Structures are given as C-alpha cells and as structure tokens.
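Below: one structure, written as structure tokens.
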Amino acid sequence: MNPPKNRPVSENDRVTKATGVVGSATLLSRIFGFIRDVVIAWFFGAGLSSDAFFVAFRIPNLLRRLFAEGSLSVAFIPVFTEHLANRGKEDAFEMARSAVRLLSVLLVAVAVTGIVCSPLIIRIIAPGFADSPEKFSLTIFLTRVMFPYIFFIGMVALSMGILNVLGHFAAPALAPVFLNISIICSVFLISPHMTDPVTGLAIGVVIGGVLQLVLQVPFLIKKGFYFWQKAKIFHPGLKKIGLLMLPTIFGAAVYQINILVGTLLASLLAEGSVSYLYYADRLVQFPLGIFAIATATAVLPSLSRQAAKKDLQAVRETFSYAMKLIFFIMIPSMVGLIVLREPIVALLFKRGAFDARTTHLTAYALLYYSIGLWAFAAVRIVVSTFYALQDTKTPVLTAAVSVCANIVLGIILMGPMGHGGLALATSLASMLNLGLLVWALRTKLGALGLKSITESACKTMMCSGIMGAVVWAAALIIIPPEGGTLFGLFFGVLGSIIIGLVLYGSFSLLFKSRELEKVLAIARTGMGKK
Numbered sequence: 206m207n208p209p210k211n212r213p214v215s216e217n218d219r220v221t222k223a224t225g226v227v228g229s230a231t232l233l234s235r236i237f238g239f240i241r242d243v244v245i246a247w248f249f250g251a252g253l254s255s256d257a258f259f260v261a262f263r264i265p266n267l268l269r270r271l272f273a274e275g276s277l278s279v280a281f282i283p284v285f286t287e288h289l290a291n292r293g294k295e296d297a298f299e300m301a302r303s304a305v306r307l308l309s310v311l312l313v314a315v316a317v318t319g320i321v322c323s324p325l326i327i328r329i330i331a332p333g334f335a336d337s338p339e340k341f342s343l344t345i346f347l348t349r350v351m352f353p354y355i356f357f358i359g360m361v362a363l364s365m366g367i368l369n370v371l372g373h374f375a376a377p378a379l380a381p382v383f384l385n386i387s388i389i390c391s392v393f394l395i396s397p398h399m400t401d402p403v404t405g406l407a408i409g410v411v412i413g414g415v416l417q418l419v420l421q422v423p424f425l426i427k428k429g430f431y432f433w434q435k436a437k438i439f440h441p442g443l444k445k446i447g448l449l450m451l452p453t454i455f456g457a458a459v460y461q462i463n464i465l466v467g468t469l470l471a472s473l474l475a476e477g478s479v480s481y482l483y484y485a486d487r488l489v490q491f492p493l494g495i496f497a498i499a500t501a502t503a504v505l506p507s508l509s510r511q512a513a514k515k516d517l518q519a520v521r522e523t524f525s526y527a528m529k530l531i532f533f534i535m536i537p538s539m540v541g542l543i544v545l546r547e548p549i550v551a552l553l554f555k556r557g558a559f560d561a562r563t564t565h566l567t568a569y570a571l572l573y574y575s576i577g578l579w580a581f582a583a584v585r586i587v588v589s590t591f592y593a594l595q596d597t598k599t600p601v602l603t604a605a606v607s608v609c610a611n612i613v614l615g616i617i618l619m620g621p622m623g624h625g626g627l628a629l630a631t632s633l634a635s636m637l638n639l640g641l642l643v644w645a646l647r648t649k650l651g652a653l654g655l656k657s658i659t660e661s662a663c664k665t666m667m668c669s670g671i672m673g674a675v676v677w678a679a680a681l682i683i684i685p686p687e688g689g690t691l692f693g694l695f696f697g698v699l700g701s702i703i704i705g706l707v708l709y710g711s712f713s714l715l716f717k718s719r720e721l722e723k724v725l726a727i728a729r730t731g732m733g734k735k
C-alpha cells in the first residue's frame, strides 16, 4: 500500500520505491547481460579465447567495483548527503564538481598505469596463464585495450552517487544495459573484421563505457548539476571522501576480491575452469543484482540521511526492514538455483561451442556459489549501514578475515573438488564475513531487531523448503531429459519457475509474511504503477 497523502513519505517507503526502480532497471540489464553471455558462449565457448577475455575483463571490472561503484559511491554518498543537509545545495554541488575534476585526473593515471603494467598484472592475477605463451600474450593485449573503460565507468559511478542522493535512480541503473548492447553488437559488427575475433569484445567494452557516461549527462543537467560551472580543484569535503574511500576500496568489494582469488586459483586448474566459474557467477549475479544490489543502492541514501540527523533508532529500523526483504527474496532464489541449476545452464548456454560437458561443469560451480547467495546479498546491506555511519574500518577488518579464509579454503578444497571447491570457498568466506559484520554492528548500535529478522527468515526457509521439494519433483516430470528440444527445455524450466513462484507466494500468504506485501509494492513500482 502507498502511504496516505496526509503524511510524509517514510524512509522505508523511499527504499521500497527506489528498490522497485533500480530492480526493474537492473532486471533489464541482466536480461541483456544474459543475451551477451549467450552470444559469447555461442561464439567462443569455454577455451583459450574466452578464458583470456574473462580474465582481462575482470581486471578493469574489479577496478570499477573497487574504485568506482564500490569505494567511490559508498564514500561519496554519505558526505554529499551531509553537505546537502547541513551546508546547502550550492556547497554540495561545488564539492561534487571538484570531485569530477580530481577524479578525472586520477582515473587517467590509473588507466595509463594499467596499460603499462598489464604483463605484471596478468602474472599476478592469472599465474597459470604464463605456461601458455599464446593465452598469456592474448590476455595482456585484451587488458590493454579495455583499461580505458575504467575512466568512463568511474565517472558513471560518481554521477550515480550524485543522482541517487538527489532521488534519481533509473539512469545509473540502466547504464549497464548500454554496455551489454555494445558488447553484443561488437560480436556481430566488429569481431568478424578482427584478426583475432575476441578483440572485438574488448573494443565493445570501451564503447559501452562511453555510452554509459553519455546517458547520465542529461539527467544531471535536469537536476541542476552542470560539470562546466566553476569549482575548486580541491574542495575541503574531498578530504573526508578520500579518508573514507581508502579503506572502502577493500571493504566494499570483498565479494569481488574473493571472486578474483577464485579466478587466480582456477588458472592453475584445467583449461576452461575460469570460464565455468564466470558463467556460474553470472547466474548468481542475476538475483543478486536485481534485488540485493538494488536494495543496497536504494537504502544507502536513506541510511545516510538518518545518520546525518543522528537518528540511530531510524537506522536500526531501516536496517531491519532491508534485511527482511533481502532474505525473503534471496533464500528462495538460492533454493531455485540449486534445484534447477543444470536445466537453467543448459537453457541459457548449451549451444554452439558450449557442449554437454561444459554445461555440467558450469552447473557444478553454480551449486556451490548458490549456497552462499543469501550471505552475498546480506553483506551488501550490513556494509551499507556501516558506511552510512561513516565507519569504514570495521568492514575492512572483516573483509581481511574473509579474504584470508577464502584463500585457505580455496587451496584446501580445489584439490578434491576442483573449481567447485573454489566456488564453495567463496560462499563460506562470505558467510563468515556476514557473521562478523552483524556482530560488530550490534556492538555499535545495540539491538538490531535480530529476533524479528530471524523469525522472518525462518518463515522464509520453511516456505522455500516446501517450494524446493515440489519444484524438484515437478522438474523431473516436465523438464525433458538431456537431448530434448530447446523449445521443450524452455517451457519445462519456465513451468518449474512458475510453480515455484505460486507455491512460495501461497505459503508466504499462509504464514502471514509481511514481506510479501512489500515485495508486491516493489514490483508495482518497477512496472510503473503507484
């Protein structure tokens, strides 16, 4: 339900509306992302070229999440919000323009350094590639082609922070759609004209970065923010952003760092292992991006406003609200991915060079990534709460423990379990990180409403367990066995998902789950209904 017109909109209502907008935009982005991956899998399969591209793309992508969407956004939003609340719009905008100028210089320096140091970076990130001169050389070349992407996506991230605080979420959330479209088009329009076709993908990434930045400009102008207006090269507020940003480079992107650790260790395994983990991670990113990251994006400005007002009780209530929503969506998503993992991988990727063996090995990785889906999602909310409170040290400490645990577990499990052991290590490390973060937040804020969160999560687990059992049985009947038609596989998977959604919704209604109403409100917002 929408709040009555005679009372102000609450922060929870703001979070619900913003989550709907970001989630629907992210859904569109994920759909195009899957089309992108289907096209790449079809043309390149899982081998030398795809391994080289995914490792090369992961480097600027990691920098994007570390320096841009990760540390920059979470450090910039609380300080920008504080300046808006306490010093006014003019001062806040001047600080943002100074950030644009300084960030431009830094990003150019990072891009140039990355291009020059690509051989060293690849030796560190994928040491196993050094044993194959052809793969090693190709990965270095692709890395150099794609490094300028970090400049454009860094500016997009800063634009996202400005627009989100000002109440606009759609354009930043839609930006990845342009990247995916650019890569898809590059396969058909650029790759055929390249000596090595995979080079076309790298060029498509850079073009996509340009398009993403261009998309933000009209909306910034509409909000009254003009890049070209006078501003100091260094505003006093940037010092605070810098102090917050340095530790968040590590703390905000622990999941990506753990994925990178998995890539490093996978480069020591059989050829194709990097690709299996990549495709499995892409499937996990679907629910994670549509709802978890959307909720974290929506909740940070609200938490920052509450923290700026020193209203810690409101911070606790918003945290509890967001955690319940996350578990309500992520737990059944986890169950669904586990039960339907092989049919889903086959439906999306099994064609061309992506054969039955590749399908099975990707589904194997997906099983172990899916186990940690709920933890991957919940960490985003807890970390956003710390950053809204301008506490950057705690997430760094817990992230350090998590990364160390991931390395140790990965080395232990990769022997008996192969690339599946690396996926499991990432999931277990994320669960550890979540536990440490929640304990630290409770110490900082006091009661977090954990009893209420746990009760809600228990209802969700019961509903998800029943749903999973029925969907598993139904899938045996309606999903055709290996070798069936793509048409039959599509309707079998679709039917299984519909059965799961109906069952989960029905049992949630039976158990009187309050989160069901909130999720329906988010869905209505995403469809443009009020």
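Residue numbering for the sequence shown follows the numbering used here, starting at 206 and increasing by one per position. Note that CB positions come from ideal geometry on N, CA and C, so glycine has one too. Computed from a prediction, not measured in an experiment: that's the story for all the values here.
Three-state secondary structure (DSSP) of Val149: Summary: the structure shown does not reach residue 149, with the chain confined to residues 206 through 735, and so no result is reported for it.
Inter-stretch contact at 8 Å, needing at least 3 Cβ pairs: the region 368-379 / the region 226-236: Result yes; three or more Cβ-Cβ pairs closer than 8 Å.
Burial state of Leu699 (16 or more Cβ within 10 Å): Burial call: exposed.
For Ile498 and Cys390, the rounded distance between their alpha carbons: For Cys390 and Ile498, the gap between their C-alpha atoms comes out near 27 Å.
Inside the region 534-621 only - alpha helix (DSSP H) runs reaching at least 4 residues: Given a length threshold of 4 residues, each whole run of the alpha helix (DSSP H) inside the region 534-621 is given here in chain order: 546-554, 561-575 and 578-593.
Neighbourhood of Thr603 by C-beta distance below 6 Å, restricted to the same chain and skipping five residues each side: Once the five neighbours on either side are set aside, the close Cβ partners of Thr603 are Asn638, Leu641 and Leu642.
Nearest-angstrom Cα separation, counted from Phe581 out to Val313: CA-to-CA, the gap between Val313 and Phe581 works out to about 31 Å.
The region 250-261 touching the region 464-480, judged by at least three CB pairs closer than 8 Å: Taking a cut-off of 8 Å on C-beta distances, the region 250-261 touches the region 464-480, as three or more cross pairs fall below it.
Val736, enclosing alpha helix (DSSP H) - first and last residue: This structure cannot settle anything about residue 736, because the visible part of the chain is limited to 206 through 735.
Whole-angstrom C-beta distance between Arg546 and Leu650, which should lie under 8 Å: Contact flag wrong, Cβ pair sits at about 37 Å.
Touch test, the region 675-690 against the region 530-539, Cβ-Cβ under 8 Å, three pairs minimum: The region 675-690 makes no contact with the region 530-539, as fewer than three CB pairs between them are under 8 Å.
Nearest neighbour of Ile576, chosen from Phe696, Val489, Ser472 and Leu465 [CA to CA]: Each of Phe696, Val489, Ser472 and Leu465 was checked against the Cα of Ile576, and the nearest Cα belongs to Val489.
Sequence-distant residues of its chain with Cβ nearer than 6 Å to Arg212 (five each side left out): Low local confidence applies: a pLDDT of 42 at Arg212 is under 50, so the model's placement there is unreliable, and no value is given.
Same chain, Cβ closer than 7 Å to Ser525, neighbours up to 5 away in sequence not counted: Counting only Cβ-Cβ distances below 7 Å, and skipping sequence neighbours, we find Leu653, Gly654, Ser657 and Ile658.
Neighbour-count burial assignment, Lys210, 16 or more Cβ in a 10 Å radius: The predicted model places Lys210 with a pLDDT of 44, which falls under 50 and marks its position as unreliable; any figure quoted below should be read in that light. The residue in question, Lys210, is exposed, as its Cβ has fewer than 16 Cβ neighbours within 10 Å.
Cα-Cα separation, Gly626 to Val613: Straight across, the Cα-Cα distance linking Gly626 with Val613 is about 11 Å.
Inter-stretch contact (C-beta, 8 Å, three-pair minimum) for the region 356-365 and the region 409-417: A contact exists between the region 356-365 and the region 409-417.
Exposure of Val249, with buried meaning 16 or more beta-carbon neighbours within 10 Å: Correcting the residue identity first, residue 249 is Phe in this sequence and not Val. Buried is the call here.
Collapsed DSSP secondary structure at Glu687 in the structure displayed: DSSP, reduced to helix, strand and coil, places Glu687 outside both helices and strands of the structure shown, so it counts as coil.
7 Å CB neighbourhood of Phe352 in its chain, flanking five on each side removed: If we look at Phe352 and ignore the five residues flanking it on each side, its Cβ neighbours are Pro265, Ala316, Gly319 and Ile320.
Endpoints, the alpha helix (DSSP H) within which Pro492 is located: Looking at the DSSP string, the run of the alpha helix (DSSP H) that includes Pro492 is Ser478 to Pro492.
Simplified DSSP assignment, three categories, for Tyr431: In the structure shown, the three-state DSSP call for Tyr431 is coil.
Thr404 versus Thr344: straight-line alpha-carbon distance, rounded: Distance between the alpha carbons of Thr404 and Thr344 is about 10 Å.
CB contact flag (Ile543, Leu572, <8 Å): Taking 8 Å as the cut-off, the Cβ atoms of Ile543 and Leu572 count as close.
Residue from Leu578, Arg306 and Ser278 with nearest C-alpha to Ile438: Of the candidates Leu578, Arg306 and Ser278, the one whose C-alpha sits nearest the C-alpha of Ile438 is Arg306.
Asp296 in three-state terms, based on DSSP: Helix, per DSSP.
Length-filtered (4 minimum) alpha helix (DSSP H) runs lying within the region 336-408: Assignment of alpha helix (DSSP H) within the region 336-408, counting only whole runs of 4 or more residues, yields 338-351, 354-370 and 375-394 in chain order.
Distance between beta carbons of Pro283 and Ser509, contact taken as under 8 Å: Confirmed, Cβ separation roughly 4 Å.
Helix, strand or coil at Ala436 according to DSSP, with G and I counted as helix: Coil at Ala436, not helix or strand.
Backbone CA spacing between Asp516 and His288 [nearest angstrom]: Roughly 17 Å between the two C-alpha positions.
Reduced DSSP secondary structure (H/G/I, E/B, other) of Leu473: Taken through DSSP and simplified to helix, strand or coil, Leu473 comes out as coil.
Beta-carbon contacts of Leu371 that lie in its chain and below 6 Å, excluding the five residues immediately before and after: Excluding sequence positions up to five before and after Leu371, its CB lies within less than 6 Å of the CB of Lys428, all in the same chain and listed in chain order.
Where Asp516 falls: helix, strand or coil (DSSP): Reduced to three states, the DSSP call for Asp516 is coil.
6 Å Cβ shell around Arg556 - same chain, five flanking residues per side excluded: Here the set comprises Trp247.
Simplified DSSP state of Ser278, which is helix, strand or coil: Three-state DSSP puts Ser278 in a helix.
Whole-angstrom distance between Leu449 and Val244, CA atom to CA atom: Looking at the two C-alpha atoms, the distance is approximately 40 Å.
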